[in-house]
Each structure stands twice: as C-alpha cells, then as structure tokens.
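Count along the sequence shown starting at 1, add 218, and that's the number in my numbering.
One structure is given here, and the rest of the page talks about it.
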Amino acid sequence: MTGPRVVIADDQALVRTGFRMILASGGVDVVGEAADGAEAVATVRDLEPDVVLMDIRMPAMDGLEAARRILARDPGCRVLMLTTFDLDRYVYDALAAGAGGFLLKDVTPEHLVAAVRLVGTGDALLAPSITRRLVERFAAGQARPALHRDLAVLTPRELEVLTLVARGRSNAEIAAELTLSEATVKTHVARIFAKLSLRDRAQAVVLAYETGLVSPGD
C-alpha cells in the first residue's frame, strides 16, 4: 500500500532518522526533512508533500508559526504536530492554526504509520481521548462568547452532528446515536464544513468550543 508523501520537521536528527525508517517500513514515502520551522516552510514549498510531521519547539521558527505559513500558502497540505506531555499548552493553538491533529513523540511505530495515513486522507487525528481533554482544558480558559452567529446557517440536525463531532464521536458513532445511516452523517459533516468554511474535524472541534456550542465536561 502506498502512503502519502511526507516531510519530517524536527530539530533532532535522530528523531528525523527514526521516523523516516518507521514510515519507510510502513510504505510511506518521506520526501524531505527540515531541522527548523523556517526550513520546513521552504521545504514544503519546494516539495509540496501531502503531510508534514511538525515538531512544535524548533529554532529559527517554531512549529506553530511554520504550520500557519504552510497552511496559508497551501490549505490542502496536512500538518500533524509532534509534542510531549509537558508541551500540552501548545496543542490547542496547533489545532486552531489548522493542524490536522497531534502525536506524542513516544508514539508506537504502528500508530505513527496509521496516523500519517489517516491525516493524509484528509481526516483529522482526533480519536484519542487526550485530544478532547486538551481542547476542553484550553477552551475553558478562554472567554465564553455567545453562540457564534455563523452557526445560525446550520440546521437543527447539523447542530446536533457538529455537537457530537466536537465530543469526539466518529461518523459511525454519530449515526448510531442519531439513528441515521453513516452516509447521511457524512453528508451532514460535509455540509457543515462547507457552510462554516472549515478544513476538517479539528477546526470543527475548535469552533464548537470557541462558540459555546459545547462546554468543557459536556
């Protein structure tokens, strides 16, 4: 099985080498590497990969700023942030910047390959419960606005679907909870993204918390 074309951005050469070997063994093509954020932006511009594995803390330019610049130039590129538990405070910012998800640096080889493939398909890596907990934690620290006026364009059913997406439900789980077919749920999700100009589920989760549609602990 062929995988997406990947660029690895990390200031540690051993980390880059290790990830390259793991991805190559899983059939994923690593087309380039970068040792800092500025180099990552230039490398992505030159090679146009499908996915960027992006460390958050790097010299010259951090991963968050690099992700913003990459996604501003090429919204179709997928950025998967790399972090550790002591960097939790950055994860919400990464999702808000448009990252498709994040991985802890001690990820297993199998999970790394699966995550890169998943993000490469255009989905967001939001399944792990830690993602939802982190989003809740940082959303809770922000001022709670009234329900965002843009959400008024959604139908009642679409609001239900967006609420469940924000709670980390998969399409299959949403279908079971709302007694719908999975194909119908996919259609609702696509319409939600189109109406709210969202890239993916990651941005949908951020928007749902920022607008007050869901609350931490719901």
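Using N, Cα and C, we set each Cβ at its ideal position, and we do this for glycine too.
Bear in mind that the values here come from a model prediction, so they are computed numbers and not experimental data.
Residue closest to residue i, alpha-carbon to alpha-carbon, out of the options
i: LEU398; options: ARG375, ALA412, LEU416, ARG419; result: ARG375
i: ASP228; options: ALA312, MET299, ASP264, LEU382; result: MET299
i: ASP268; options: GLY281, LEU414, VAL224, GLY255; result: VAL224
i: GLY245; options: THR373, VAL424, PRO327; result: PRO327
i: LEU411; options: LEU425, GLU400, ALA401; result: The residue asked about is misnamed: residue 411 is Phe in this sequence, not Leu. Among LEU425, GLU400, ALA401, the Cα nearest to that of PHE411 belongs to LEU425.
i: ALA332; options: ALA390, ILE392, THR302, ILE240; result: ILE240
i: GLN421; options: PHE237, VAL297, ALA253, PRO222; result: VAL297
i: LEU372; options: GLU395, SER415, LEU396, PRO222; result: SER415
i: VAL379; options: LYS323, THR302, HIS329, VAL432; result: VAL432
i: LEU282; options: GLU395, PHE320, HIS329, GLY386; result: PHE320
i: ASP311; options: ALA285, ALA401, ASP292; result: ALA285
i: ALA253; options: ASN389, ALA231, ARG238; result: ALA231
i: LEU396; options: LEU377, LYS413, ARG409; result: LEU377
i: ILE288; options: ALA315, LEU330, THR302; result: ALA315
Residue i classed as buried or exposed, judged by whether at least 16 other C-beta atoms fall within 10 angstroms
i: THR429; result: buried
i: LEU271; result: buried
i: GLY294; result: exposed
i: LEU365; result: Only weak support exists for where LEU365 lies, its pLDDT of 49 falling under 50; the value from the coordinates is given anyway. It is exposed - the Cβ of LEU365 has fewer than 16 other Cβ atoms within 10 Å.
i: GLU266; result: exposed
i: THR261; result: buried
i: ARG335; result: buried
i: THR405; result: exposed
i: THR235; result: exposed
i: ARG263; result: exposed
i: VAL403; result: buried
i: ALA390; result: exposed
Contact check, residue i vs residue j, beta carbons under 9 Å
i: MET279; j: GLY255; result: yes
i: VAL407; j: ARG419; result: yes
i: ALA290; j: MET276; result: no
i: ALA370; j: VAL423; result: no
i: VAL248; j: LYS323; result: no
i: GLY250; j: ILE226; result: yes
CB contact below 9 Å: residue i versus chain C
i: ASP292; result: In the structure shown, chain C cannot be found, because there is only a single protein chain.
Notebook entry, point to check: Which residue spans inside the stretch 365-430 form an unbroken alpha helix (DSSP H) run of at least 4?
Noted result: 374-384, 389-396, 400-414, 419-428
Next item on the list: Please list the segments of the alpha helix (DSSP H) lying wholly inside the stretch 221-307, counting only runs of 4 or more residues, in order along the chain.
Entry: 231-243, 255-265, 281-291
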